[in-house]
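K.L.:
Before I ask anything, here is the structure I am working with.
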Ligand SMILES: [Zn+2]
Ligand SMILES: [Zn+2]
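In my numbering, the protein residues as written are 192 to 514.
See the structure below:
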């Protein structure tokens, strides 16, 4: 009951909030780029899974349903020197670099400008200990929290802007493992001239709350090879993807539920801007679902990964048929 109340509260926030609406842009037709059409979806509630995304009209196979800009994105360590530090676009070879961190490169003046505020904050600090710890432990989400914290300190987003996303359930063991990375993050900021009140939000509770949401909601950004037209005309869920260039958290794409035989798919073409496209014809009112994992795995492997990674036992039609 209380959770339903919470959901209905944030769904109405979702409808009204210009903040959230800035996180996704609408699909535009090729011939009328200046007149965006509203995306043919609505976010609603279902009794058992909370928020869900539904089609508000018939959507054809291959149709681009909407695009979404990340709330926060960060390159993976292995891509740090060959993708844009803001949008994760691959840099041309002559712009890639191998010099030691903290040299980072932006693909354009636009990305440099978009990063100005958080990067001013980030640049004040020496991240070598924090980054080294994350690299050694193979941690990727703390990099997203680092960027998110820099964005909050710079004033471009508020500290609670991820609160409406569903958090993972963390065991006390998982929380205690986060102690070290949290202390490194906080002490790194404390060594700068960032004022105490600007980082008052940066508590252990805030850190674990944000990380719990990133664990479930962050997407691995894999830039697809091939042209965008090819991707749209293909109805296959698995497009040929190159290596993951980073991780990103979005608002609207996080509202899609999972299905092992999905009717929609999220993909990235040149940067971390996500595109959601229809994999088959979808009727008005039908729920849109994406597959959170590699759909080609067998039933047992899918169940295990979904339970361990996302905390649920999948009962989609495909799983119920033991496929
Ligand atoms: Zn860029
Ligand atoms: Zn399933």
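From the three backbone atoms N, C-alpha and C, an ideal C-beta is built for every residue, glycine too.
1. Could you check what DSSP says for residue 318 in three-state terms: helix, strand or coil?
2. Compute the minimum distance between the beta carbon of residue 321 and the heavy atoms of ligand 1, and state whether it is under 7 Å.
3. Alpha carbon to alpha carbon, how far is residue 338 from residue 241?
4. Heavy atom of ligand 4 less than 7 Å from the Cβ of residue 309, yes or no?
5. Would residue 262 and residue 244 be called neighbours here (beta carbons separated by less than 8 Å)?
6. Count the other CB atoms within 10 Å of the CB of residue 443; is the residue buried (16 or more) or exposed (fewer)?
7. Got a sec, what are the start and stop residues for the alpha helix (DSSP H) residue 334 sits in?
8. Quick one: residues in its chain with C-beta nearer than 7 Å to the C-beta of residue 389, no 5 flanking neighbours on either side, listed in chain order?
9. Go ahead and pull the three-state DSSP assignment for residue 329.
10. Could you name the residues that DSSP lists as bridge partners for residue 478?
11. Which residues does DSSP list as the beta-bridge partners of residue 459?
12. Thinking residue 346 and residue 308 are a contact (beta carbons under 8 Å), I'd like their distance in whole angstroms, please.
13. Alpha carbon to alpha carbon, what distance is there between residue 271 and residue 314?
14. Kindly indicate which three-state DSSP category residue 502 falls into: helix, strand or coil?
15. Between the alpha carbons of residue 379 and residue 348, how many angstroms are there, rounded?
16. Could you give the distance in angstroms between the alpha-carbon of residue 455 and the alpha-carbon of residue 503?
17. So, does the segment 295 to 309 touch the segment 321 to 330, judging by three or more C-beta pairs under 8 Å?
18. My understanding is that residue 358 touches residue 411, with C-beta atoms under 8 Å, so please give their C-beta distance in whole angstroms.
19. Residue 484: which of 496, 397 and 491 sits nearest, CA to CA?
20. Decide if residue 516 is buried, meaning its Cβ has at least 16 other Cβ atoms within 10 Å, or exposed.
21. Checking the sheet assignment: what are the DSSP bridge partners for residue 233?
22. Over the uninterrupted alpha helix (DSSP H) stretch that includes residue 379, give me the two end residues.
23. Distance cutoff 8 Å, beta carbons only. Does residue 492 sit that close to anything in chain B?
24. My understanding is that residue 353 touches residue 401, with C-beta atoms under 8 Å, so please give their C-beta distance in whole angstroms.
25. Just how far apart, CA to CA, sit residue 474 and residue 247?
P.N.:
Walking through what the data contain:
1. Residue 318 sits at position 127 when you count from the first residue of the chain shown. Three-state DSSP puts residue 318 in coil, outside helix and strand.
2. Locating residue 321 in the chain shown gives position 130, counting from the first residue. False, no ligand heavy atom lies under 7 Å from that Cβ.
3. Sequence index remark: in the chain shown, residue 338 carries index 147 (1-based). Sequence index remark: in the chain shown, residue 241 carries index 50 (1-based). Going by the C-alpha atoms only, they are around 29 Å apart.
4. This structure lacks ligand 4; the ligands present are ligand 1 and ligand 2.
5. Here residue 262 corresponds to residue number 71 of the chain shown, with the count starting at 1. Here residue 244 corresponds to residue number 53 of the chain shown, with the count starting at 1. Result no, Cβ atoms of residue 262 and residue 244 do not sit closer than 8 Å.
6. Numbered from 1 along the chain shown, position 252 holds the residue referred to as residue 443. Counting Cβ neighbours within 10 Å, residue 443 comes out buried, since at least 16 surround it.
7. What you label residue 334 is simply residue 143 of the chain shown in a count that begins at 1. Taken as a continuous stretch (DSSP letters only), the alpha helix (DSSP H) holding residue 334 covers 332 to 345.
8. The residue you call residue 389 lines up with position 198 of the chain shown. These residues qualify, in order along the chain: 344.
9. Counted from its first residue, the chain shown places residue 329 at position 138. Coil at residue 329, not helix or strand.
10. For the purposes of this step, residue 478 is identified with residue 287 of the chain shown, where counting begins at 1. DSSP, once it has assigned bridges, lists 245 as partnering residue 478.
11. The count along the chain shown starts at 1 and reaches residue 459 at position 268. Looking at the DSSP assignment, residue 459 forms a beta bridge with 414 and 465.
12. As a position in the chain shown, residue 346 is number 155, starting the count at 1. As a position in the chain shown, residue 308 is number 117, starting the count at 1. Yes, residue 346 and residue 308 are in contact; Cβ-Cβ is about 7 Å, under 8 Å.
13. Working through the chain shown from its first residue, we reach residue 314 at position 123. Working through the chain shown from its first residue, we reach residue 271 at position 80. Their backbone Cα atoms lie some 16 Å apart in a straight line.
14. Here residue 502 refers to the residue found at position 311 when the chain shown is read from its first residue. Note: residue 502 maps to coil in three-state DSSP.
15. Working through the chain shown from its first residue, we reach residue 379 at position 188. Working through the chain shown from its first residue, we reach residue 348 at position 157. Their Cα atoms are separated by approximately 20 Å.
16. Translated into the one-based positions of the chain shown, residue 455 becomes position 264. Translated into the one-based positions of the chain shown, residue 503 becomes position 312. Going from the Cα of residue 455 to the Cα of residue 503 covers about 20 Å.
17. no
18. If you number the chain shown from 1, residue 358 lands on position 167. If you number the chain shown from 1, residue 411 lands on position 220. About 19 Å; that fails the 8 Å criterion.
19. In the chain shown, residue 484 corresponds to position 293, counting from 1. Here the closest residue by C-alpha is 496.
20. Shown here, the chain extends from 192 to 514; a query on residue 516 therefore has no answer.
21. In the chain shown, the residue the question calls residue 233 occupies position 42. 245, per the DSSP bridge assignment.
22. If you number the chain shown from 1, residue 379 lands on position 188. 370 to 381 is the span of the alpha helix (DSSP H), which, as asked, contains residue 379.
23. No chain B appears in this structure, which consists of one protein chain only.
24. Residue 353 sits at position 162 when you count from the first residue of the chain shown. Residue 401 sits at position 210 when you count from the first residue of the chain shown. Rounded, the Cβ-Cβ distance is 6 Å, consistent with contact.
25. Counting from one through the chain shown, the residue named residue 474 turns up at place 283. Counting from one through the chain shown, the residue named residue 247 turns up at place 56. Cα-Cα distance, rounded: 8 Å.
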